[in-house]
Amino acid sequence: MYTYIVKRMLMLFPTLLGAAIVVFLLLRLIPGDVCLLKFGGEGGYVDPEQIKMCQLRLGIADPKVSQFFSYIGGLITFDLGTSMWTNRPVTEEIAIRFPLSLQIAIMATLTSIIIAIPLGVISAAKQNSITDYLVRAFSIAGIAMPSFWLGILIILGLLIGTQAYSGVPWMPPLHYKSIFVDPAHNLSQLIWPALATGYRYSAVATRMTRSAMLDVLREDYVRTARAKGLIERVIVNKHALKNAMLPVVTIIGIEFAFLMGGLVVTEQVFNLNGLGKLFVESVTQADYTLTQALVMLVVFIFVMVNFIVDLMYAWLDPRIRYS
Amino acid sequence: MKGLAPRVVTAVMGAGLVIGAAIAQAATPQKGGELNIVVGSKIPSYDGHIESTFGMIHPIKPFYSGLIRVNPDNPSSPTDFVCDVCAGDVPEGTEGGTKYTFKIRTDIKFHDGTPMTSADVKATFDKIVFPPDGIASNRKAYFKMVESITTPDAETLIFKLKHPSGTFIPSVAMPFNFIYSKKDLDKHGYNWHQKNVNGTGAFMYVEHIQGSHVKGAANPNYHHKGKPYLKGYTALSAPKMSVRLQAIRGGRADIEFRGFPPKAREDLVKALGDKITVQESDWNCVLLVTPSHKKKPFDDARVRQALTLSIDRHSGSKHLSNIAIVKTVGGIVFPKHPLATPVSELKSNIIGYSDDIKSSIAKAKGLLKDAGQSNLKFTLLNRGVDQPYKVVGTWLIGQWRKAGIKVEQDVRPSTPFYASLRKQKDFDVSIDFNCQSIVNPIADVSKFLPTAGNNYASFSDSELEKTYDRLLQTADVDQQKTLLRQYEKRVLNDLTSQMITMWWYKINPHRSYVKGWKIAPSHYLNQSLDNVWIDQEEKKRHGL
């Protein structure tokens, strides 16, 4: 087991290095730079001298090879540099947004688990019944409906509904307050995006839970349990569910990692100051240092979540032995 | 029923406008209340001297004063400037218009308690006009006429100019010229203000959470007595237009200062009725068409003239203003400025401005035939932003089609768009724009100079340069007008080096309890917020 963990940890480095090279090269393929945007983005007078000074200061004019080694050197020493747009440390920019993204990811994951596992199990246990059809329709709708679109509907629904009910339209707050500082404000802002993303996320997990359960329920040991006279609830909950969880855990893990940096549009719709919105801003502002750091952060989260999921396999299925 | 909705919206909106104006005139400002603003752009740094985005001006300007500013009671006038930290009226030039003596107020304090003197104002303008090597100053070029800045005493500041200039006073009034403390510049250096705030403005810095919001609290020692009226403000970052719109509708924000398209105005008025006041104004931003003269066949003036002749600006103004933030037909000068050429004169003197579009299109076809370009095809480079770029770009393609010109649109995100327009200059024809803060026609039209850093048409013309040099060096308004007419004809007629499409139109719907703020011809202007107040009774009526 320990050898496996060490091997997996060592695999992290080439993965991160590969991602670092790809993101560095891809960003440099896009024409233009942050200085052109900063000094002329709004159509006013553009002083070429100022643009040149900015490019020199930010190292954009340096040879690409020297930029690359400086970037890799920074990664090795855990110095992610400063944002080219705000001139503030990248770690500071990320630290401001990280708690919000983490909270949304946790809330959406919990929403998803609460919805997906019971529905998936019920749907499998009552295969081809009305309940099964309803659950399948519900989950297909969730997969088909983009979470940002659902988000827009939620906001419009809140505005129209509250205006019709109380005469005063209401929408979620626009700025974030920690749950430890103002829980009511925090939840009234984040519950909606968590529901919008959690629903889509749950739809995928519901379908996965259902098909995994159907497979397990056809296993010999389940038939044996039934032959022994065990009641159906015990068979499903104690014998089948745990074994059906392997693919579900994988899906939940990957989706969690995706939520940490991938809520690009949903964060825009709800005006959430999270990592997804920061991603969009950094790309549109050609802020290389910030984009590179964010990509590396998301890659790191993905790798770590996959690693944790792999370790959970052994707990869920004792037949799996990594040694 | 279908036709009724727009009429109702217009009627309610009109009522909102009228009621808003009447209340603003009649009511006495009330103290207290917090203003919530939504801002659609991000703050790069707090240093006005190096930044150029409204994303910085809207949240940060209230912390700072300027030497002079647009009159907050009459911001729609492009020529009405008043003292901010100076005393009395804005001075007239003496010694043939080459010397401006400002009397500086002595009762002003920075937020850290340091008294402000003329030395602070001098240090500020020294940084802007004569920055040391390696120190950025984004508006240095506006002050090329300044020879020296001196302070004979703590209350006097003198600008000595190399020659008289019609651009000097508007340049001083630019909202980016934040007054900094000399002490801060000496002690902390020229980059300190990028991350720190210490001004003399109506509000004091409370907090800034990157990407989220900026908070300001009223400055009890503000130098315009009795102001500000607000207890404080919060500028909330909201890059998506739909979020800003819904924020006003949902009571999370009271106002947005940049402006909304017509449809958004109608949606808000429809949802909130007389709880919305709408202010509208011509906007000192214009969309241009820039052909690359180094590319065939756009090196031929006849082809460029055919392009401008095919554009029906008058009907475009009528129809596009229903869906986009463009409206006003004008020449190269902001149409509401006294130096601008009136539309009647443009119609008779400038090609492409005639009412008779059929005859213009016939002329355009003739010119293309003469140039051997009857089957002209080209690609229009455009910026991937709906308002107004993509809307106007699509409309232009339709206009050109009427003259038999086939155009494809290459829409790119801002970064590659700027790279192509400004760096590589590899386009056939591109959408371009000129968007300024203060209305400063003589400085603004420098955009059309072939040697200007922001002219991307790739051509040269010594006559244009000579006319502009003469324009720069005269303070006589009549002479300025004559020279500007010559310059405009050279740009739009003889060379057709670039083409004007339409000037932008600014629409600011806001909650009707927000009083005292008056719309200006630029989203950068009148943002000190010291005149703004909240009508608390009216706010209660909104259920907020």
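Residue numbers (this note's numbering), protein chains in the order written: chain A, 1 to 323; chain B, 324 to 867. Where is the CB? At the ideal position from N, CA and C, for every residue including glycine.
Buried or exposed: residue i, going by 16 or more other Cβ atoms within 10 Å of its Cβ?
{"i": "A/Trp192", "result": "buried"}
{"i": "B/His616", "result": "buried"}
{"i": "A/Ser70", "result": "exposed"}
{"i": "A/Ile155", "result": "buried"}
{"i": "A/Ala184", "result": "exposed"}
{"i": "B/Thr819", "result": "buried"}
{"i": "A/Pro14", "result": "exposed"}
{"i": "B/Trp723", "result": "buried"}
{"i": "B/Ser851", "result": "buried"}
{"i": "B/Phe750", "result": "buried"}
{"i": "B/Asn854", "result": "buried"}
{"i": "A/Asp317", "result": "exposed"}
{"i": "B/Gln348", "result": "Note on B/Gln348: pLDDT 47, under 50, position unreliable in the model; no value is reported."}
{"i": "A/Tyr2", "result": "exposed"}
{"i": "A/Pro172", "result": "buried"}
{"i": "A/Phe78", "result": "exposed"}
{"i": "A/Leu25", "result": "exposed"}
{"i": "B/Glu860", "result": "exposed"}
Can you check whether the CB of residue j is closer than 9 Å to the CB of residue i?
{"i": "B/Pro487", "j": "B/Ala766", "result": "no"}
{"i": "B/Gly727", "j": "B/Lys688", "result": "yes"}
{"i": "A/Thr206", "j": "A/Leu263", "result": "no"}
{"i": "B/Asn757", "j": "B/Lys748", "result": "no"}
{"i": "A/Val248", "j": "A/Leu217", "result": "no"}
{"i": "B/Ile823", "j": "B/Gly653", "result": "yes"}
{"i": "B/His372", "j": "B/Ile427", "result": "no"}
{"i": "A/His175", "j": "B/Thr351", "result": "no"}
{"i": "B/Gly534", "j": "A/Ile96", "result": "yes"}
{"i": "A/Pro146", "j": "A/Arg200", "result": "yes"}
{"i": "B/Gly776", "j": "B/Phe740", "result": "no"}
{"i": "B/Gly363", "j": "B/Ala561", "result": "yes"}
{"i": "B/Ser399", "j": "B/Ala742", "result": "no"}
{"i": "B/Arg793", "j": "B/Leu691", "result": "no"}
{"i": "B/Ser913", "j": "B/Phe501", "result": "Residue 913 of chain B is absent from the model: chain B starts at 324 and stops at 867."}
{"i": "B/Glu731", "j": "B/Lys700", "result": "yes"}
{"i": "B/His516", "j": "B/Tyr369", "result": "yes"}
{"i": "B/Val768", "j": "B/Pro493", "result": "no"}
When you compare each of the options to residue i by their alpha carbons, which one comes out closest?
{"i": "B/Gly436", "options": "B/Pro401, B/Asn461, B/Lys729 and B/Pro543", "result": "B/Pro543"}
{"i": "B/Trp826", "options": "B/Gln628, B/Arg735, B/Ser604 and B/Ala629", "result": "B/Ser604"}
{"i": "B/Ile391", "options": "B/Leu815, B/Asn607 and B/Pro498", "result": "B/Pro498"}
{"i": "B/Thr424", "options": "B/Phe386, B/Pro401, B/Ala477 and B/Pro395", "result": "B/Ala477"}
{"i": "B/Val408", "options": "B/Ala525, B/Trp606 and B/Glu530", "result": "B/Ala525"}
{"i": "B/His681", "options": "B/Leu787, B/His511, B/Val708 and B/His637", "result": "Per the sequence shown, the amino acid found at residue 681 of chain B is Lys instead of His. With distances taken between Cα atoms, B/Lys681 lies closest to B/His637."}
{"i": "A/Val34", "options": "A/Thr284, A/Gln292, A/Leu190 and A/Pro89", "result": "A/Thr284"}
{"i": "B/Thr473", "options": "B/Tyr779, B/Lys483 and B/Asp456", "result": "B/Lys483"}
{"i": "A/Ala19", "options": "A/Val309, A/Ala125, A/Asp220 and A/Val298", "result": "A/Val298"}
{"i": "A/Met260", "options": "A/Leu80, A/Leu278 and A/Leu246", "result": "A/Leu278"}
{"i": "A/Ala325", "options": "A/Ala203, A/Thr91 and A/Leu56", "result": "Because chain A spans 1 through 323 in this model, residue 325 of chain A falls outside it and cannot be assessed."}
{"i": "A/Val90", "options": "A/Gln103, A/Leu75 and A/Leu110", "result": "A/Leu75"}
Would you list the residues sitting across from residue i in a DSSP beta bridge?
{"i": "B/Phe701", "result": "B/Val730"}
{"i": "B/Trp827", "result": "B/Val649"}
{"i": "B/Leu559", "result": "B/Val361 and B/His536"}
{"i": "B/His833", "result": "B/Thr600"}
{"i": "B/Tyr528", "result": "B/Gly539"}
{"i": "B/Arg706", "result": "B/Arg735"}
{"i": "B/Ile578", "result": "B/Ile360"}
{"i": "B/Thr473", "result": "B/Ile481"}
{"i": "B/Lys422", "result": "B/Thr417 and B/Lys483"}
{"i": "B/Phe501", "result": "BP columns for B/Phe501 are empty, so no partner."}
{"i": "B/Ser753", "result": "B/Thr613 and B/Leu704"}
{"i": "B/Phe404", "result": "B/Val393"}
{"i": "B/Cys758", "result": "B/Cys608"}
{"i": "B/Trp723", "result": "B/Trp723 pairs with nothing; no bridge assigned."}
{"i": "B/Trp856", "result": "B/Lys838"}
- Message: Count Cβ pairs between the region 798 to 808 of chain B and the region 674 to 685 of chain B that sit closer than 8 Å; are there 3 or more?
- Response: Because the criterion of three Cβ pairs below 8 Å is not met, the region 798 to 808 of chain B and the region 674 to 685 of chain B do not touch.
- Message: Is it the case that the region 137 to 154 of chain A contacts the region 265 to 281 of chain A, given that we only count it when at least three CB pairs across the two stretches are under 8 Å?
- Response: A contact exists between the region 265 to 281 of chain A and the region 137 to 154 of chain A.
- Message: Would you call the region 726 to 745 of chain B in contact with the region 30 to 39 of chain A, where contact means no fewer than 3 C-beta pairs closer than 8 Å?
- Response: Yes: the two stretches touch, three or more of their Cβ pairs being nearer than 8 Å.
- Message: Could you check whether the region 557 to 575 of chain B touches the region 589 to 604 of chain B, counting it as contact only if at least three pairs of C-beta atoms, one from each stretch, sit closer than 8 Å?
- Response: These segments touch.
- Please determine if the region 832 to 847 of chain B and the region 618 to 638 of chain B are in contact, where contact requires at least 3 C-beta pairs separated by less than 8 Å. The answer is no - the region 618 to 638 of chain B does not touch the region 832 to 847 of chain B, with fewer than three Cβ pairs under 8 Å.
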